[in-house]
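Chemist:
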Amino acid sequence: MTDPTDEELLTALQRGEEWALDRLFRTHYTYLCQVVFRVLPDRNTAEDLVQEVFLAVWRKRDRLRVEQSVRAYLRRAAVNRTLNYIRDQKLIVDDETALPADLSSSEVDIVQQLEAAELAQEIEIAIAALPERCRLIFGLSRFEQLSNKAIAKELGLSIKTVENQMTRALKLLRDRLTPFFFWWFCLLTTALGLIVSQPTCTT
Amino acid sequence: MKKNTEKTVNIWDRLRQSDGQSAVPTDQPWPKIWQGAEGLGQDFEPDVEAGLKRLKAKIHAMPVAGARIRRLTPLARWTRTLAAAVVAGLLGWGIYLLVQPATPVATWAEITTQAGEQKAVVLPDGSKIALNSASSLTYRTDMNEAAERQVQLIGEAYFEVERRPAQPFKITTRQAEVEVLGTSFNVRARAEETTTEVEVTQGKVAVHHLIRDEKVVLAAKEAVLVANDQPLVQETSPHLNRQAWRTGRITFRETPLEAALPLLEHYYNVTITWQKSAAPACSITGNWQNDSLTEVLQAIAAYTGITVKQLTADTYQLSGICK
Numbered sequence: 084m085t086d087p088t089d090e091e092l093l094t095a096l097q098r099g100e101e102w103a104l105d106r107l108f109r110t111h112y113t114y115l116c117q118v119v120f121r122v123l124p125d126r127n128t129a130e131d132l133v134q135e136v137f138l139a140v141w142r143k144r145d146r147l148r149v150e151q152s153v154r155a156y157l158r159r160a161a162v163n164r165t166l167n168y169i170r171d172q173k174l175i176v177d178d179e180t181a182l183p184a185d186l187s188s189s190e191v192d193i194v195q196q197l198e199a200a201e202l203a204q205e206i207e208i209a210i211a212a213l214p215e216r217c218r219l220i221f222g223l224s225r226f227e228q229l230s231n232k233a234i235a236k237e238l239g240l241s242i243k244t245v246e247n248q249m250t251r252a253l254k255l256l257r258d259r260l261t262p263f264f265f266w267w268f269c270l271l272t273t274a275l276g277l278i279v280s281q282p283t284c285t286t
Numbered sequence: 339m340k341k342n343t344e345k346t347v348n349i350w351d352r353l354r355q356s357d358g359q360s361a362v363p364t365d366q367p368w369p370k371i372w373q374g375a376e377g378l379g380q381d382f383e384p385d386v387e388a389g390l391k392r393l394k395a396k397i398h399a400m401p402v403a404g405a406r407i408r409r410l411t412p413l414a415r416w417t418r419t420l421a422a423a424v425v426a427g428l429l430g431w432g433i434y435l436l437v438q439p440a441t442p443v444a445t446w447a448e449i450t451t452q453a454g455e456q457k458a459v460v461l462p463d464g465s466k467i468a469l470n471s472a473s474s475l476t477y478r479t480d481m482n483e484a485a486e487r488q489v490q491l492i493g494e495a496y497f498e499v500e501r502r503p504a505q506p507f508k509i510t511t512r513q514a515e516v517e518v519l520g521t522s523f524n525v526r527a528r529a530e531e532t533t534t535e536v537e538v539t540q541g542k543v544a545v546h547h548l549i550r551d552e553k554v555v556l557a558a559k560e561a562v563l564v565a566n567d568q569p570l571v572q573e574t575s576p577h578l579n580r581q582a583w584r585t586g587r588i589t590f591r592e593t594p595l596e597a598a599l600p601l602l603e604h605y606y607n608v609t610i611t612w613q614k615s616a617a618p619a620c621s622i623t624g625n626w627q628n629d630s631l632t633e634v635l636q637a638i639a640a641y642t643g644i645t646v647k648q649l650t651a652d653t654y655q656l657s658g659i660c661k
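Residue numbers (the working numbering), protein chains in the order written: chain A, 84 to 286; chain B, 339 to 661.
(1) Our contact map puts PHE507 of chain B next to ARG487 of chain B with C-beta atoms below 8 Å; I'd like the distance itself, whole angstroms only.
(2) Any chance the stretch 85-93 of chain A sits against the stretch 126-142 of chain A, with 3 or more Cβ pairs inside 8 Å?
(3) So who's on the other strand from PRO569 of chain B, going by DSSP bridges?
(4) Compute the Euclidean distance between the alpha carbons of GLN195 of chain A and ASP365 of chain B, then round it to the nearest angstrom.
(5) Which residues of the stretch 160-178 of chain A have a Cβ closer than 9 Å to any Cβ of chain C? Give them in chain order.
(6) As a quick exercise: from B:GLU517, B:ASP351, B:THR346, B:GLN636, pick the residue whose alpha carbon is nearest that of ALA233 of chain A.
(7) Kindly list the residues whose CB is nearer than 7 Å to the CB of ALA103 of chain A, restricted to its own chain and excluding five residues on each side of it in sequence; keep chain order.
(8) Distance, Cα to Cα, ALA361 of chain B vs GLU101 of chain A?
(9) What distance in whole Å lies between the Cβ atoms of ALA468 of chain B and GLY493 of chain B, which are believed to be in contact at a cut-off of 8 Å?
(10) Under a three-way DSSP split, which group does ARG98 of chain A fall into?
(11) Take VAL646 of chain B and list the residues in its own chain whose beta-carbon comes closer than 8 Å to its own, dropping the five residues that flank it on each side.
(12) Using a Cβ cut-off of 7 Å, pull out every chain B residue sitting near ALA203 of chain A, in sequence order please.
(13) For ALA598 of chain B, which residues from the same chain have a beta carbon less than 7 Å from its beta carbon, with the 5 sequence-adjacent residues on both sides left out?
(14) What does DSSP give as the partner residues of TYR496 of chain B in its beta bridges?
(15) Return the first residue and the last residue of the alpha helix (DSSP H) that PRO369 of chain B is part of.
(16) Who are the Cβ neighbours of VAL136 of chain A in its own chain at under 8 Å, not counting the five residues just before and after it?
(17) On a Cα-Cα basis, can you pick out the residue from B:TRP368, B:PRO384, B:GLN373 that is closest to VAL119 of chain A?
(18) Exposed or buried, ARG287 of chain A, counting other C-beta atoms within 10 Å across all chains shown (16 or more means buried)?
(19) By the 10 Å Cβ neighbour count, where 16 or more other Cβ atoms means buried, how is GLY374 of chain B classified, buried or exposed?
(20) In the DSSP assignment, find the alpha helix (DSSP H) that holds ASN127 of chain A and state where it starts and stops.
(21) State yes or no: is the beta carbon of GLU515 of chain B nearer than 8 Å to at least one beta carbon in chain A?
(22) Determine the contact status of SER474 of chain B and ALA453 of chain B, defining contact as a CB-CB distance below 8 Å.
(23) Just to confirm before moving on: does the CB-CB distance between ARG259 of chain A and TRP372 of chain B stay below 8 Å?
(24) Enumerate in chain order the residues of its own chain whose CB-to-CB distance from ARG146 of chain A is below 8 Å, with the five nearest sequence positions on each side excluded.
(25) Are HIS604 of chain B and LEU570 of chain B touching if we call contact CB-CB under 8 Å?
(26) Starting from the beta carbon of ALA504 of chain B, find every residue of chain A whose beta carbon is closer than 8 Å, and list them in chain order.
(27) What number of angstroms, rounded off, separates the C-alpha of VAL133 of chain A from the C-alpha of ALA484 of chain B?
(28) Can you give the Cα-Cα distance for ALA354 of chain A and LEU229 of chain A, rounded to whole angstroms?
(29) Is it the case that the Cβ atoms of GLN627 of chain B and ARG580 of chain B are separated by a distance below 8 Å?
(30) Specify the secondary structure class of ALA597 of chain B as computed by DSSP and reduced to three states.
(31) Mind checking the stretch 551-583 of chain B against chain A and listing, in chain order, the residues whose C-beta falls within less than 9 Å of any C-beta there?
(32) For chain A, is any of its Cβ atoms less than 8 Å away from the one on GLU455 of chain B?
(33) By how many angstroms is the C-alpha of PRO363 of chain B removed from the C-alpha of ALA388 of chain B?
(34) Would you mind stating whether LYS542 of chain B and THR521 of chain B have Cβ atoms separated by less than 8 Å?
(35) Determine whether the beta carbon atoms of THR642 of chain B and CYS620 of chain B lie at a separation below 8 Å.
(36) GLU455 of chain B to ILE449 of chain B, Cα distance in whole Å?
Right, dumping it as structure tokens:
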């Protein structure tokens, strides 16, 4: 027996057949939770928001309009809910005058931490360490690929606020990760025996 | 500096528009950061089956295990609340009516337990409730859409509230209003008692004394007693056996026998008499988990040296002198 197609699932759902909902849930729940979690790094809230997506799908099953794939539709619904949540909870307040904070204070002893770790993991850690407002905006930019303008519109913020937070996020990431990129580069080139007299790599 | 920032933002925008494919000068970290973020969050593996169960509970909004539901019209609900308040002769009922927000369009469902009966209930929002005997829980059936998840309690229940920061969970008793976002705790508001007691297992709980308009926030392992016209009494350590009805665990630590017996009477629904023959103070220590009353009394007899005699099916007599 082959798996039912999206279309068959939707038809069954519209008839009020719960197995179709179960099927959709089991197929897409983890993916959707991860989509939300990447923007909003709180496991419970991510699950709650995805639960609401499925609840809404069930409630309005008879007037569901799915024009793309079901997965894309659910993803869009989950992202919209996340945006609404960020806006309603005022997780980012509109504050145009806020200047990027002093960035030097976040310089921790990162080089030591970095030596043993892999690049991608370090980037994840650096992203997770961003201040919450920066983190949310960065997530929307990176994973939902929304422009600053679109983020501002969706969250009801001024574009200046979004730009400030985005600039801050990028700078914090760069400052945290630059020593690592540098070290990594040196290690690589040293291992290849390509440089002997690179004076800047002696630290 | 300014120029540098602009450059950063521009490169990022190019990456964003090209999904990381745009060519960028190799001395810039952005492509690596873009790439390195790819796997973020993919180690988050939610419990799919638990999630599905939770969703089903919300969809069906039904209590489990055949609990009896009676739907009350708003009028019947208020009559009932009012009658209960008057019968109990409460000073605070007027204030209660004032404080309780009127929600005339909401529909309510009631779940009740008889004496000696307990029920497990799952509310529409997925919150789990263990309802102790001779208790009544009324909840808004549309709580998922409401700004607040409201329930009313007469009796005793243990709550495991689904975490929803945007929708506070509110329990109203005759004396108190208990507000949480998501946590586990016990509420005891017996019809025959003029107090409400809240004991927190996990998380934070806000308790509002409706009659005196006082508020307190409890953390885990804290309890508070709300009495009709008394100030709030916060207790640093919870009652040892307050949740015995749910956990099946009874604990005594140097507990005077006079204090232990009423608890056993209540828990096992029996009558225990004790003929104190000018005995010295008698205290007991021990733990029991789902044990029969006979086992508990035998242990007490062995510990104290007093004699236990069963008179009828639910009457016991203790006699003798403590060692």
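We put the beta carbon where it would ideally sit given N, CA and C, even for glycine.
Remember, predicted model here, so these are calculated numbers, not experimental data.
Modeler: With the given structure in hand:
(1) Yes, they are in contact, since the Cβ atoms of PHE507 of chain B and ARG487 of chain B sit about 4 Å apart, within 8 Å.
(2) Not touching, per the Cβ criterion.
(3) Paired residues: none, contrary to the question.
(4) Low per-residue confidence applies at GLN195 of chain A: pLDDT is 41, beneath 50, and the placement is therefore not dependable enough to give any value.
(5) The question asks about chain C, but that chain is absent: this structure's protein chains are A and B.
(6) Of the listed residues, the one whose Cα sits closest to ALA233 of chain A is B:ASP351.
(7) Excluding its 5 nearest sequence neighbours in each direction, ALA103 of chain A has C-beta neighbours in its own chain below 7 Å: LEU92, ALA95, LEU96, listed in chain order.
(8) Rounded to the nearest angstrom, the two C-alpha atoms are 48 Å apart.
(9) Between GLY493 of chain B and ALA468 of chain B a beta carbon distance of about 12 Å is seen, past the 8 Å cut, so the two are scored as non-contacting.
(10) Three-state result, ARG98 of chain A: coil.
(11) Cβ within range, chain order: LEU635, GLN636, ILE638, ALA639, TYR654, GLN655, LEU656.
(12) For the C-beta of ALA203 of chain A, the chain B residues within less than 7 Å are, from N- to C-terminus, GLY374, GLY377.
(13) PHE590, ILE622, listed in sequence order.
(14) DSSP output for TYR496 of chain B lists B:ALA468, B:ASN524 as bridge partner(s).
(15) Per DSSP, the unbroken alpha helix (DSSP H) holding PRO369 of chain B starts and ends at 368-374.
(16) Answer for VAL136 of chain A: LEU115, LEU157, ALA160, ALA161, ARG164, listed in chain order.
(17) Distances from the alpha-carbon of VAL119 of chain A to those of B:TRP368, B:PRO384, B:GLN373 put B:PRO384 closest.
(18) As displayed, chain A neither begins before 84 nor continues past 286, which places residue 287 of chain A out of reach and without an answer.
(19) Classification for GLY374 of chain B: buried.
(20) From DSSP, the alpha helix (DSSP H) with ASN127 of chain A extends over 126-142.
(21) Among the residues facing chain A, GLU515 of chain B is not included, as its CB has no counterpart in that chain under 8 Å away.
(22) No, they are not a contact pair.
(23) Cβ atoms of ARG259 of chain A and TRP372 of chain B: not closer than 8 Å.
(24) No residues qualify anywhere along the chain.
(25) Here HIS604 of chain B is not near LEU570 of chain B, since their CB atoms are 8 Å or more apart.
(26) One finds TYR168, ASP171, GLN172 in chain A with Cβ atoms closer than 8 Å to the Cβ of ALA504 of chain B, taken in chain order.
(27) For VAL133 of chain A and ALA484 of chain B, the distance between alpha carbons rounds to 18 Å.
(28) Nothing in the structure corresponds to residue 354 of chain A, since chain A is present only between 84 and 286.
(29) ARG580 of chain B sits away from GLN627 of chain B, with the two beta carbons spaced by 8 Å or more.
(30) ALA597 of chain B: helix per DSSP, three-state reduction.
(31) Answer set for the stretch 551-583 of chain B: empty.
(32) No, GLU455 of chain B does not count as interfacial toward chain A.
(33) Counting only the Cα atoms, PRO363 of chain B lies some 47 Å from ALA388 of chain B.
(34) Against a cut-off of 8 Å, the Cβ pair of THR521 of chain B and LYS542 of chain B comes out as a contact.
(35) Closer than 8 Å, so yes.
(36) Straight-line spacing of the CA atoms in GLU455 of chain B and ILE449 of chain B works out to 12 Å.
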